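Here is the structure we will look at.
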Amino acid sequence: MRHGLILAFVLGLTALPAAAQAPEPGRATWFGLHFIDTSTEGQINGIRADETARIAATEAFIAEDLAARGFVLTAPPPEAVARIRNPVHSNGADARIARKMGSDYVIAGEVQKVSNLIQSINLHLRDAETGRTLRAGSVEIRGNTDEAFRRGYGYLLRNVIFREERKE
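Count the sequence shown with mature numbering (1 follows the signal peptide of the UniProt record, and there is no 0) and you get residues -22 to -1, 1 to 146, in order.
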């Protein structure tokens, strides 16, 4: 019975499609990070200046990483962004905007503050033509510090969004 389960697992893995290669550099519309505060602290105290600054610094960190990888970043028009509550969950509105701007990709992320200790961060890279998600990832970070955000998004960029798959 145990050998049968192992064999079924291995056969199931071989039936999976080959993982996509890391996206080639191109023109990308960068929507930045959408901050969602579901913490009790946020409900009581509202928006904190240090968190606003941290999101801006993290957006700059991600943009620098993308530019170093050869991506040409464009910012979507503010009036178009104002119509979208959250670019990550916009039913393709982000891709339509990026496509109109002549971009190959659309990139957006989210930060969900669960508490001052726990943050859930994610990053999505989509094809601007089809709106299809090419790469996306999420990690939980501990701490509400600049360093925790840089390390979390650095991990997502290196190990998920631009991870090179081994050829076998």
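Just so it is clear, CB atoms sit at the ideal spot from N, CA and C, and this is done for glycine as well.
Since the structure is predicted, the reported quantities are computational estimates derived from the model, not experimental observations.
Residue j beta carbon less than 9 Å from that of residue i
i	j	result
H12	V66	yes
R104	L112	yes
I85	L44	yes
T7	S81	yes
G115	L134	yes
E88	N64	yes
A73	A106	yes
Simplified DSSP assignment, three categories, for residue i
i	result
Q(-2)	coil
E107	coil
L101	strand
V84	strand
R120	strand
R113	strand
residue 151	The chain is shown only over -22 to 146; residue 151 falls outside these bounds and no answer can be derived.
Range covered by the beta strand (DSSP E) that runs through residue i
i	result
T7	R5 to D15
Segment limits, alpha helix (DSSP H) that includes residue i
i	result
G20	T18 to N23
E125	D124 to L134
Integer Cβ distance of residue i from residue j, believed to fall under 8 Å
i	j	result
I139	L101	6 Å
F127	V59	F127 to V59, Cβ: 21 Å. No contact.
9 Å Cβ cutoff, residue i in contact with chain B
i	result
L112	Among the chains of the structure shown, chain B does not appear; only one protein chain is present.
Those runs of the beta strand (DSSP E) which lie wholly inside the stretch 25 to 72 and span at least 3 residues: Entirely contained in the stretch 25 to 72, the beta strand (DSSP E) runs reaching 3 residues are, in chain order, 50 to 52.
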